[in-house]
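Chemist: Let me begin by handing over the structure; questions about it come next.
In UniProt numbering, the protein residues as written are 1 to 477.
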């Protein structure tokens, strides 16, 4: 009788893990268990009345590096090449990003010329911050907050404007709490290896081997900054689901896991309310804090480490305007916490992916709300109504982009605990969890956004690596 692997969580990480399990030379029986009625997790695309595509979660995937190339290879293997919408390197959405500071939009400098010229909101050319960075000594601590790291190496303006905004844009988090080692490992490693971020990024860590395909070569030749799919990013989990069911994977929807117990023979029993499954190995692609509550008593040290990995909520407000125009052309803008504690940023969806606009006169933007403002509302027990978020988003679009007319279409979604927070010392939680799993030889592998990256590429790669580990084969780079 063959092995059975149960994958917990039908988001992109769990789908990727299931996909790679079934592609093994001798694949195990795979059961994918999802608590809700739909697969795809935070990746969700919906159509508006005029056919416009609105992304309720991620809206573009970066093709750069080995992870970006692997995701493009997956797209090709699923037969989605013809659905890809690229943002090429010469496109405004690839070249232009903005900060909203002091009540105005400021283009972030690009290229050498941009670094040498004064670039508001920064008081001096960023060249000087780079020069300062080259002569700063290497940090001695095993970890540091993003703010402290940026302040020490690049100065107060870069720390409080650029890095603060970046942490809000990527993690919806606070740069004074997030870990540089876990959130931006390439910057941390650059300093550790080369004593300088700039030197480290210029010299690189050596190119890791990358897969090859016609789509990957095209992305490289055209210098894509990101890509989406014609019908929205949800086409990717939908294609994975269709592939998995065609390959005999059992997909159980609407089946929240109630608990896990270890049997005397070393197998898992997975409890699903009024039924249960047995598994030789479990891949958990559900949030770390959720898994911590399902583990048996003998795994208490693991549960403690996982329970300490928290997450924050984000309200996503999709707005569509008729006949409106943006004051600038680019990917979007970020907002530092000093400017607005609640508005994380606004994405100009119609600039990057006009093919998804529906009607020609439709302008789509997405306002991301979160940060200290949302945390305070949640802590105070305030009613988090759709009207509140819509009002906040429309005011931001009016003030920051001049979109003063009411939108023709609006979607509001509050994603609770959607982005894990890699706070200071996150690496120690991961180390503690992995040490316990290894010492106890538990047939359990962790995957998903809770651990080593929140981007779609990171999640897909974590699923692939989890499958490799569960199959007991040597991981490749």
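Cβ coordinates follow ideal geometry from the N, Cα and C atoms, glycine included.
Since residue 315 is in the beta strand (DSSP E), which residue starts that stretch and which ends it?
Modeler: Residues 311–322.
Chemist: What residues in its chain sit with their C-beta under 8 Å from that of residue 477, if we drop five residues either side in the sequence?
Modeler: Its pLDDT being 42, under 50, residue 477 is placed unreliably in this model, and the value from its coordinates should be taken loosely. Excluding positions up to five away in sequence, the list reads 66, 208 and 209.
Chemist: Identify which residue in 14, 92 and 64 has its Cα closest to the Cα of residue 350.
Modeler: 92
Chemist: Express the C-alpha separation of residue 23 and residue 216 in angstroms, rounding to a whole number.
Modeler: 21 Å
Chemist: Taking contact to mean 3 or more Cβ pairs, one atom from each stretch, closer than 8 Å, check whether the segment 246–254 and the segment 75–83 are in contact.
Modeler: no
Chemist: Near residue 423, what residues of its chain come up, given a Cβ to Cβ distance below 7 Å and the 5 sequence neighbours on each side ignored?
Modeler: Taken in chain order, the residues that qualify are 177, 178 and 179.
Chemist: Relative to the C-alpha of residue 312, which residue among 327, 282, 390 and 172 is closest?
Modeler: 172
Chemist: Short of 6 Å in beta carbon distance, which residues of its chain neighbour residue 347, apart from the five on each side in sequence? Order them along the chain.
Modeler: 332 and 366
Chemist: In the segment 54–99, which residue ranges form an unbroken beta strand (DSSP E) of at least 3 residues, counting only runs that do not cross its ends?
Modeler: 84–87
Chemist: Around the C-beta of residue 193, are 16 or more other C-beta atoms found within 10 angstroms, so that it is buried, or is it exposed?
Modeler: exposed
Chemist: Cβ atoms of residue 12 and residue 468: under 9 Å apart, would you say?
Modeler: No.
Chemist: Would you decide whether residue 166 is buried or exposed? Buried here means 16 or more other CB atoms lie within 10 Å of its CB.
Modeler: buried
Chemist: On the three-state DSSP scale, how would you describe residue 351?
Modeler: Helix.
Chemist: Apart from the five residues on each side of it in sequence, which residues of its chain come closer than 7 Å, Cβ to Cβ, to residue 157?
Modeler: 122 and 123
Chemist: What does the alpha-carbon distance come out to for the pair residue 363 and residue 407?
Modeler: 9 Å
Chemist: Which residues does DSSP list as the beta-bridge partners of residue 283?
Modeler: 7 and 445
Chemist: Does DSSP put residue 110 in a helix, in a strand, or in coil?
Modeler: If DSSP states are grouped into helix, strand and coil, residue 110 belongs with coil.
Chemist: Less than 8 Å between the CB atoms is what I'm expecting for residue 9 and residue 28, so what's the real figure, rounded?
Modeler: The beta-carbon distance between residue 9 and residue 28, rounded to whole angstroms, is 17 Å. This is too long to meet the 8 Å contact definition.
Chemist: Considering just the uninterrupted stretch of the beta strand (DSSP E) at residue 366, what are its terminal residues?
Modeler: For residue 366, the uninterrupted beta strand (DSSP E) run begins and ends at 362–369, by DSSP.
Chemist: Any chance the segment 257–272 sits against the segment 286–294, with 3 or more Cβ pairs inside 8 Å?
Modeler: yes
Chemist: Kindly indicate the opening and closing residues of the beta strand (DSSP E) around residue 250.
Modeler: 250–252
Chemist: Count the other CB atoms, across all protein chains shown, that sit within 10 Å of the CB of residue 60; report buried if there are 16 or more and exposed otherwise.
Modeler: buried
Chemist: Could you pull the start and end residues of the alpha helix (DSSP H) that residue 14 belongs to?
Modeler: 12–22
Chemist: So, residue 338 versus residue 160, is the Cβ gap smaller than 9 Å?
Modeler: Cβ atoms of residue 338 and residue 160: closer than 9 Å.
Chemist: Where does residue 465 fall in DSSP's three states?
Modeler: In the structure shown, residue 465 falls within a helical segment according to DSSP collapsed to helix, strand and coil.
Chemist: From the DSSP output, which residues share a beta bridge with residue 226?
Modeler: 87
Chemist: Could you give the distance in angstroms between the alpha-carbon of residue 430 and the alpha-carbon of residue 308?
Modeler: 10 Å
Chemist: At the level of alpha carbons, what is the spacing between residue 200 and residue 181?
Modeler: Their backbone Cα atoms lie some 15 Å apart in a straight line.
Chemist: Kindly identify the DSSP beta-bridge partner or partners of residue 47.
Modeler: DSSP, once it has assigned bridges, lists 53 as partnering residue 47.
Chemist: Within this structure, are the beta carbons of residue 319 and residue 394 separated by less than 9 Å?
Modeler: yes
Chemist: Is it buried or exposed, residue 462, if we count other Cβ atoms within 10 angstroms and call 16 or more buried?
Modeler: buried
Chemist: May I ask you to report which of helix, strand or coil DSSP gives residue 200?
Modeler: helix
Chemist: Between the C-alpha atoms of residue 222 and residue 301, what's the straight-line distance to the nearest angstrom?
Modeler: 49 Å
Chemist: Label residue 133 either buried or exposed according to how many other C-beta atoms from any shown protein chain fall within 10 Å of its C-beta, with 16 as the threshold for buried.
Modeler: That one is buried.
Chemist: By how many angstroms is the C-alpha of residue 110 removed from the C-alpha of residue 104?
Modeler: 19 Å
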